[in-house]
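Q: One structure coming up, written as structure tokens, with questions to follow.
In the working numbering, the protein residues as written are 16 to 129.
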């Protein structure tokens, strides 16, 4: 692994302490970050360099004038310098399509406090 400093990706988030040689890394590769940001929890980290992130939101139901809780799952690229594991709280950012289902990348990891 190279020992180079992480570049600024323009989100006001500190970069990882470790470095990596992944070309699809937002901090050390050529991948640019654009679009939406989400904060969620890693539901699964079984795939290679991929995590499934889940986050909840409220949707208004006009008929009952109430809100209902919903969840959404998204696959995100997990660079080697991030090492997100199951149960971690992560921030993911949108980028160009990386594969058929991956358009997000992990940019920050907070270890699980369970």
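For glycine and all other residues, C-beta sits at the position ideal for the given N, C-alpha and C.
Keep in mind the model is a prediction, meaning the values are calculated, not measured.
(1) Sorted by chain position, which residues of the same chain lie with C-beta nearer than 6 angstroms to residue 33's C-beta, five sequence neighbours on each side aside?
(2) Along the beta strand (DSSP E) that carries residue 98, what are the first and last residues, could you check?
(3) Pull up the distance between the alpha-carbon of residue 50 and that of residue 26, whole angstroms please.
(4) Using three-state DSSP, classify residue 41 as helix, strand or coil.
(5) Find the nearest neighbour of residue 67 within the set 53, 83, 42, 40, judged by alpha-carbon distance.
(6) In or out: residue 76 buried (at least 16 other Cβ within 10 Å) or exposed?
(7) Measuring straight from C-alpha to C-alpha, what distance separates residue 42 and residue 22?
(8) Please name the residue in 57, 70, 89 whose C-alpha comes closest to that of residue 98.
(9) Cβ atoms of residue 121 and residue 91: under 9 angstroms apart, would you say?
A: In short, the structure shows the following:
(1) Position 18 of the chain shown, counted from the start, is the residue given in the question as residue 33. Result list for residue 33: 96, in chain order.
(2) Translated into the one-based positions of the chain shown, residue 98 becomes position 83. Taken as a continuous stretch (DSSP letters only), residue 98 belongs to no beta strand (DSSP E), as it is neither H nor E.
(3) Locating residue 50 in the chain shown gives position 35, where the first residue counts as 1. Locating residue 26 in the chain shown gives position 11, where the first residue counts as 1. If I take the Cα positions, the gap works out to 11 angstroms.
(4) Here residue 41 refers to the residue found at position 26 when the chain shown is read from its first residue. Three-state DSSP puts residue 41 in coil, outside helix and strand.
(5) Residue mapping note: residue 67 aligns to position 52 of the chain shown, counting from 1. That would be 53, whose Cα lies nearest to the Cα of residue 67.
(6) On the chain shown, residue 76 is found 61 positions in, with the first residue counted as 1. When all chains shown are included, residue 76 counts as exposed.
(7) Here residue 42 refers to the residue found at position 27 when the chain shown is read from its first residue. Here residue 22 refers to the residue found at position 7 when the chain shown is read from its first residue. C-alpha separation (whole angstroms): 5 angstroms.
(8) To locate residue 98, count along the chain shown from 1; it is residue 83. Minimum Cα distance to residue 98 is reached at 57.
(9) Taking the first residue of the chain shown as position 1, residue 91 is located at position 76. Taking the first residue of the chain shown as position 1, residue 121 is located at position 106. In contact: residue 91 and residue 121 (Cβ atoms closer than 9 angstroms).
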